[in-house]
Amino acid sequence: MSNSSDWWYDEAAGPMVRPYAMVSGRTRPKPAGEDLTLTTQVRALRTTTEQGTLSVEHLEIIKLCRKPLSVAEVAAYLHAPLVVVKVLLSDLIQRGDVITSGPATTVAPVDLNLLQKVLDGVRAI
Amino acid sequence: MVSVQSDRPGSGQGGEELLVPSSVKIVVAGGFGVGKTTMVGAVSEITPLRTEELLTEAGEEIDDLYGVEGKTTTTVALDFGRITINPELVLYLFGTPGQDRFWFLWDELSIGSIGAVVLVDTRRLDAGFGAIDFFERRGIPFVVAVNCFQGSHSYTAEEMRVALDVADTVPLVLCDARDRESCKAVLVRVIEHAMNRLDVMA
Numbered sequence: 001m002s003n004s005s006d007w008w009y010d011e012a013a014g015p016m017v018r019p020y021a022m023v024s025g026r027t028r029p030k031p032a033g034e035d036l037t038l039t040t041q042v043r044a045l046r047t048t049t050e051q052g053t054l055s056v057e058h059l060e061i062i063k064l065c066r067k068p069l070s071v072a073e074v075a076a077y078l079h080a081p082l083v084v085v086k087v088l089l090s091d092l093i094q095r096g097d098v099i100t101s102g103p104a105t106t107v108a109p110v111d112l113n114l115l116q117k118v119l120d121g122v123r124a125i
Numbered sequence: 001m002v003s004v005q006s007d008r009p010g011s012g013q014g015g016e017e018l019l020v021p022s023s024v025k026i027v028v029a030g031g032f033g034v035g036k037t038t039m040v041g042a043v044s045e046i047t048p049l050r051t052e053e054l055l056t057e058a059g060e061e062i063d064d065l066y067g068v069e070g071k072t073t074t075t076v077a078l079d080f081g082r083i084t085i086n087p088e089l090v091l092y093l094f095g096t097p098g099q100d101r102f103w104f105l106w107d108e109l110s111i112g113s114i115g116a117v118v119l120v121d122t123r124r125l126d127a128g129f130g131a132i133d134f135f136e137r138r139g140i141p142f143v144v145a146v147n148c149f150q151g152s153h154s155y156t157a158e159e160m161r162v163a164l165d166v167a168d169t170v171p172l173v174l175c176d177a178r179d180r181e182s183c184k185a186v187l188v189r190v191i192e193h194a195m196n197r198l199d200v201m202a
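As structure tokens, then:
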């Protein structure tokens with residue numbers, strides 16, 4: 001997350017850059033990012049390829065994802081709309097800079113073992 | 001969903017495996033201002049985060065009703081929290097947008113969720129009807145949690161069940177959305193309810 005003191009304007013001023021400008025006006029992720037959902041986990045690989053063509057936002061995502069984060073968390077920390085973040089992530093997936101958890105299931109979890117783990121986890125907090 | 005998968009090998013330079021956790025989610029639904037984000041914040045390990053979805057085409061027509069014809073994009077804010085179950089599994093809690101005109105987003109949030117909490121406020125019971133109806137119709141396991149704000153403890157769970165017209169098969173609990181233990185108990189009920197339904201189906 002960027003330190004707010006780094007910026008001379010405040011949040012009330014709104015974004016200085018129009019959201020889609022971050023992704024050169026693209027509104028759809030590349031095929032590599034089509035399956036991304038709010039909770040897809042993203043993790044940066046330790047060795048990134050040549051960074052020359054990456055934007056500041058791309059690099060910020062790589063930094064954020066040294067520890068696994070969901071797409072929704074990346075968007076929140078980047079202060080960027082989800083759709084924009086999905087486009088940026090699709091670039092990184094295609095380049096092989098980040099890996100993601102498997103495609104999200106579109107049906108509810110039906111694995112009792114999984115639910116038991118969640119139940120135990122919630123009870124333990 | 002349990003297994004950690006990836007299209008690409010998750011190995012770094014030294015060949016070590018990089019773990020990418022799986023995720024599950026529970027939806028916290030209810031009317032505007034009922035305390036959804038408060039509930040998420042009470043159990044989340046992080047301060048609830050906010051992410052924004054930009055709506056263009058879908059928002060346009062609806063916005064006309066509100067007299068802002070010139071507006072082409074609408075922003076919907078989603079608040080969410082996180083509970084790390086273990087290094088391989090993360091639970092996310094998503095609050096639904098309160099306004100009725102964002103129903104279609106509820107679908108996206110509900111798909112693949114363990115279940116839902118419908119949070120209702122005794123002072124505005126009608127605000128909960130839409131959410132109850134939504135999860136009933138889709139067959140998504142849910143519990144009704146009545147948020148008892150201070151001074152509104154004047155109803156019993158049974159009275160609330162009748163007033164909300166909730167089937168006996170749907171758990172109904174009284175809670176305090178500000179209280180961590182109380183919200184934990186609500187989540188436990190959701191997960192148990194989802195597990196019971198699986199047992200019945202099996």
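Protein chains in written order, with the numbering used here: chain L, 1 to 125; chain P, 1 to 202. Beta carbons are placed, not taken as given, at the ideal position from N, Cα and C, and that holds for glycine. Everything numeric in this text was worked out from a predicted model, so none of it was measured.
Asked	Found
Please list, in chain order, the chain L residues whose beta carbon lies closer than 8 Å to that of E53 (chain P).	P81, L82, V83
Just to make sure I have the definition right: I need the residues of chain L whose C-beta is within less than 7 Å of the C-beta of P21 (chain P). Which are they?	Q41, P68, S101
Taking the DSSP output, what are the residues bridged to I62 (chain L)?	Paired residue(s): none; I62 (chain L) is not in a bridge.
As a quick exercise: from P:E108, P:I114, P:R161, P:F102, pick the residue whose alpha carbon is nearest that of V144 (chain P).	P:R161
In whole angstroms, give me the CA-to-CA distance for V87 (chain L) and L112 (chain L).	35 Å
Could you run through the stretch 36-50 of chain P and flag, in chain order, every residue whose CB is less than 7 Å away from some CB of chain L?	V43, L49, R50
Quick one: is I83 (chain P) buried, meaning 16 or more other Cβ sit within 10 Å of its Cβ, or exposed?	buried
Could you give the DSSP three-state label for V170 (chain P): helix, strand or coil?	coil
Using the beta-carbon count (16 or more within 10 Å), is R28 (chain L) buried or exposed?	exposed
Are the C-beta atoms of P109 (chain L) and some chain P residue less than 8 Å apart?	yes
I want to see whether chain L comes within less than 8 Å of F80 (chain P), judged by CB atoms only; does it?	yes
Hey, quick one: how far does the alpha helix (DSSP H) through F94 (chain P) stretch, first residue to last?	First-last for F94 (chain P): 89-95, but that is the beta strand (DSSP E), not the alpha helix (DSSP H).
Rounded to whole angstroms, what's the CA-CA distance from T191 (chain P) to A77 (chain P)? Just pull it up for me.	The question names Thr, yet the displayed sequence has Ile at residue 191 (chain P). Their backbone Cα atoms lie some 26 Å apart in a straight line.
Check the Cβ-Cβ distances between E50 (chain L) and every residue of chain P, and say whether any is below 8 Å.	no
Helix or strand or just coil, what does DSSP make of Q41 (chain L)?	strand
Using DSSP with H/G/I as helix, E/B as strand and the rest coil, what is V84 (chain L)?	helix
Taking 8 Å as the CB-CB cut-off, is A163 (chain P) touching chain L?	no
Name the DSSP beta bridge partners of N86 (chain P), please?	P:L89
At a CB-CB cut-off below 9 Å, which residues of chain P make contact with G121 (chain L)?	I83, T84, I85, N86, L89, L91
Look up I99 (chain L) in the DSSP assignment and give the residues it is bridged to.	L:R43
Select from P:S23, P:L119, P:G112 the residue whose C-alpha is nearest the C-alpha of G139 (chain P).	P:G112
Can you check whether the C-beta of L112 (chain L) is within less than 8 Å of a C-beta belonging to chain P?	yes
Check whether the stretch 32-45 of chain P touches the stretch 72-90 of chain L, taking contact to mean three or more Cβ pairs, one atom from each stretch, closer than 8 Å.	no
Distance cutoff 8 Å, beta carbons only. Does E19 (chain L) sit that close to anything in chain P?	According to the sequence displayed, residue 19 (chain L) carries Pro and not Glu. It does: the Cβ of P19 (chain L) has a partner Cβ on chain P nearer than 8 Å.
Between which two residues does the beta strand (DSSP E) harbouring S119 (chain P) extend?	Correcting the residue identity first, residue 119 (chain P) is Leu in this sequence and not Ser. Per DSSP, L119 (chain P) belongs to the beta strand (DSSP E) from 115-121.
Under the rule that 16 or more other beta-carbon atoms within 10 Å means buried, what is G30 (chain P), buried or exposed?	buried
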